[in-house]
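Below is one structure, written out as structure tokens, with a few remarks after it.
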Amino acid sequence: MIPRVGTQNPAIHSKELMSRFLVAWMAGVFFLGCWRTRKRDLHFVELGILGLVVANLLSCLSSSHAVFCFGESWHLWGFALLAVAVALVNINLKERQQIILVAVGAAVIAAAYGFCVYWGFDFLRTYYPFAYAKGDARNYVHSFLGNPEYFGSYMAAVGILAFGHILRPNSRWPVRAAWAILCMFFLLAIVLSGTRSAFLAFAVGAGFLLKRTIAILSPSHRRYALLGLVGFLALATTVVAVLSFPNPLNVRRMRLAQRFVQVFDLTSPSVRERILFYTISGRLIREYPVLGVGPGAFKLYFYPTVEKLVEEDPRAGFRRFAETLQGRIAEHAHNDYLEIWSETGSVGIGVFLFLIASLFVRYIKGPKNVTILIKGDIAGPSDLAWVRFQRDLFFATLLAILVNGFFSFPLHLPVRAFLFWVCVGCFLAADRELRERTLSVYQRSASSLASD
Numbered sequence: 516m517i518p519r520v521g522t523q524n525p526a527i528h529s530k531e532l533m534s535r536f537l538v539a540w541m542a543g544v545f546f547l548g549c550w551r552t553r554k555r556d557l558h559f560v561e562l563g564i565l566g567l568v569v570a571n572l573l574s575c576l577s578s579s580h581a582v583f584c585f586g587e588s589w590h591l592w593g594f595a596l597l598a599v600a601v602a603l604v605n606i607n608l609k610e611r612q613q614i615i616l617v618a619v620g621a622a623v624i625a626a627a628y629g630f631c632v633y634w635g636f637d638f639l640r641t642y643y644p645f646a647y648a649k650g651d652a653r654n655y656v657h658s659f660l661g662n663p664e665y666f667g668s669y670m671a672a673v674g675i676l677a678f679g680h681i682l683r684p685n686s687r688w689p690v691r692a693a694w695a696i697l698c699m700f701f702l703l704a705i706v707l708s709g710t711r712s713a714f715l716a717f718a719v720g721a722g723f724l725l726k727r728t729i730a731i732l733s734p735s736h737r738r739y740a741l742l743g744l745v746g747f748l749a750l751a752t753t754v755v756a757v758l759s760f761p762n763p764l765n766v767r768r769m770r771l772a773q774r775f776v777q778v779f780d781l782t783s784p785s786v787r788e789r790i791l792f793y794t795i796s797g798r799l800i801r802e803y804p805v806l807g808v809g810p811g812a813f814k815l816y817f818y819p820t821v822e823k824l825v826e827e828d829p830r831a832g833f834r835r836f837a838e839t840l841q842g843r844i845a846e847h848a849h850n851d852y853l854e855i856w857s858e859t860g861s862v863g864i865g866v867f868l869f870l871i872a873s874l875f876v877r878y879i880k881g882p883k884n885v886t887i888l889i890k891g892d893i894a895g896p897s898d899l900a901w902v903r904f905q906r907d908l909f910f911a912t913l914l915a916i917l918v919n920g921f922f923s924f925p926l927h928l929p930v931r932a933f934l935f936w937v938c939v940g941c942f943l944a945a946d947r948e949l950r951e952r953t954l955s956v957y958q959r960s961a962s963s964l965a966s967d
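For the sequence shown, our numbering assigns the number 516 to the initial residue and increments by one for each residue that follows.
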């Protein structure tokens with residue numbers, strides 16, 4: 516029952532480890548360069564990011580598998596440094612928009628390949644030799660990420676970037692329509708992946724954006740937005756219905772509605788596995804409370820902890836839970852917060868929660884009366900509205916990823932972690948620009964009043 520190898524696909528994982536190493540070191544060098552040339556006082560969010568980097572490195576050093584943990588945690592500290600570097604560079608409005616377009620473009624390629632595999636045209640099988648589980652349609656939709664769960668939650672985050680542009684102020688209708696098509700493209704990928712947490716993450720992010728944007732829309736645009744939302748919900752319901760029973764359009768015989776119902780079934784394999792993962796995380800937190808077992812070491816302690824639990828209480832059913840894995844390694848806790856806590860201890864989770872709280876506080880305590888300035892047509896409202904839109908958009912994307920983190924582990928895998936930390940840096944840059952522009956508007960208004 517206890518396998519001897521730590522990965523299901525060493526060829527793929529070796530490529531992933533190498534890419535983590537290269538990107539992390541490039542991010543570190545970029546950060547040091549920005550730190551030397553653009554010195555300024557750091558605010559709480561940036562201090563929280565640096566604290567998280569230090570907590571990860573301390574946890575590596577304290578672990579009995581220090582070298583292994585250091586190799587597994589390149590992206591955990593490297594990508595975080597990238598967020599601070601992006602904030603220090605203070606990229607402008609157009610540069611942030613270019614980053615969004617790059618992220619969306621990459622996601623379009625990933626989604627297109629996922630659809631090709633789903634419909635039986637796997638033209639990259641030589642380079643991505645994944646095994647497909649027959650009978651489970653969602654396993655055909657993994658694209659370059661190797662797992663439908665990873666792919667679906669990635670699509671949810673990028674889907675927020677596309678959805679937000681449908682609501683972007685001062686945008687023409689053909690542009691909105693193009694973004695709406697892209698958004699539906701990403702949502703179809705989520706549907707085919709069957710990732711339940713991705714639906715929730717997208718709903719939270721999209722709902723937040725609607726609430727923030729609806730206030731600055733004109734009455735006619737507000738009416739169109741609501742009609743579009745109703746149409747979208749009707750279309751989504753139709754797609755879910757089509758993919759829930761056998762029919763010519765459901766080529767893989769997916770049972771999407773049944774998968775949602777299984778969330779409440781404690782006997783389903785997915786729920787049983789998560790109960791086991793969370794229990795093991797709790798045990799590791801109890802045994803290694805300060806600095807944890809080390810970043811990336813959850814997989815090393817998984818089966819030894821299962822053995823302890825079975826020996827302590829054979830009647831609790833832990834052995835049966837483990838047997839459902841059929842010898843597969845559980846590399847992650849399937850909950851970012853529990854995994855951070857178990858791997859980096861109370862120090863790591865404390866710093867991470869401080870970072871998240873600082874992000875929320877910085878967003879809530881943003882510039883006041885921006886909506887009034889935009890509606891009042893004061894001092895170039897178009898740019899001001901766009902900067903505020905970007906700030907809201909990046910925060911909504913972060914919100915979606917953080918919600919997904921309760922059910923998955925986006926911050927522990929390179930693709931989604933990279934997107935998260937780049938969005939953190941872009942949010943901080945947009946927040947800083949919005950504060951500066953708002954202050955400039957007030958100063959010009961005060962100057963004009965004084966001259967009068």
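For each residue, glycine too, the CB sits at the ideal point set by N, CA and C. It should be emphasised that the depicted structure is a prediction, and the values quoted were computed from it without experimental measurement.
Rounded C-alpha distance that separates residue i from residue j
i: Y628; j: L616; result: 18 angstroms
i: L943; j: P763; result: 48 angstroms
i: L928; j: P663; result: 14 angstroms
i: S785; j: A848; result: 13 angstroms
i: C549; j: P882; result: 26 angstroms
i: F700; j: A626; result: 8 angstroms
i: T912; j: G720; result: 6 angstroms
i: F717; j: A581; result: 37 angstroms
i: A812; j: L573; result: 14 angstroms
i: R683; j: Q905; result: 9 angstroms
i: V930; j: L702; result: 18 angstroms
i: L972; j: R535; result: A query on residue 972 cannot be resolved here, the shown segment of the chain reaching from 516 to 967 and no further.
i: M925; j: L591; result: The question names Met, but residue 925 is Pro in the sequence shown. In a straight line, the C-alpha of P925 is about 11 angstroms away from that of L591.
i: D946; j: S873; result: 13 angstroms
i: S588; j: L557; result: 24 angstroms
i: A915; j: F666; result: 14 angstroms
i: L715; j: V623; result: 21 angstroms
i: L806; j: M541; result: 27 angstroms
i: L748; j: A756; result: 12 angstroms
i: G722; j: V706; result: 18 angstroms
Host alpha helix (DSSP H) of residue i (start-end)
i: N850; result: Per DSSP, N850 belongs to no alpha helix (DSSP H) and is neither H nor E.
i: R555; result: Unbroken run through R555: none, as it is neither H nor E.
i: V719; result: 711-728
i: H657; result: Careful: H657 lies outside any alpha helix (DSSP H) and carries neither H nor E.
i: F700; result: 688-708
i: H680; result: 663-681
i: F583; result: 581-587
As assigned by DSSP and simplified to three states, the class of residue i
i: N605; result: coil
i: R952; result: helix
i: T753; result: helix
i: T641; result: coil
i: G895; result: Per-residue confidence for G895 stands at a pLDDT of 48, beneath the threshold of 50, marking its modelled position as unreliable; no derived number is given.
i: K823; result: helix
i: A600; result: helix
i: E846; result: coil
i: K814; result: helix
i: P761; result: coil
i: G920; result: coil
i: W634; result: coil
i: S578; result: coil
i: L799; result: helix
i: N571; result: helix
i: P882; result: coil
i: D828; result: coil
i: P929; result: helix
i: P684; result: coil
Whole-angstrom C-beta distance between residue j and residue i, which should lie under 8 angstroms
i: S668; j: S712; result: 6 angstroms
i: Y878; j: F921; result: Not confirmed; about 20 angstroms, so no contact.
i: Y952; j: V918; result: The residue you asked about is not Tyr; residue 952 is Arg in the sequence shown. Their Cβ separation, rounded to whole angstroms, is 30 angstroms, which puts R952 and V918 out of contact at 8 angstroms.
Neighbourhood of residue i by C-beta distance below 7 angstroms, restricted to the same chain and skipping five residues each side
i: I681; result: R691, W694, A695, C698
i: P804; result: G860, S861
i: L853; result: Y793, S796
i: V808; result: S578, L799, Y816, S857, E858
i: R738; result: none
i: G895; result: Only weak support exists for where G895 lies, its pLDDT of 48 falling under 50; the coordinates are left without a value.
i: F559; result: S873
Other residues of its chain near residue i: CB distance less than 6 angstroms, five sequence neighbours each side excluded
i: T794; result: none
i: W856; result: I800, I864
i: L908; result: G679
i: F585; result: C575
i: F869; result: G563
i: L791; result: F836
Residues of its chain near residue i, where Cβ-Cβ distance is below 8 angstroms and the 5 sequence neighbours each way are ignored
i: A618; result: V673, L676, L934, V937
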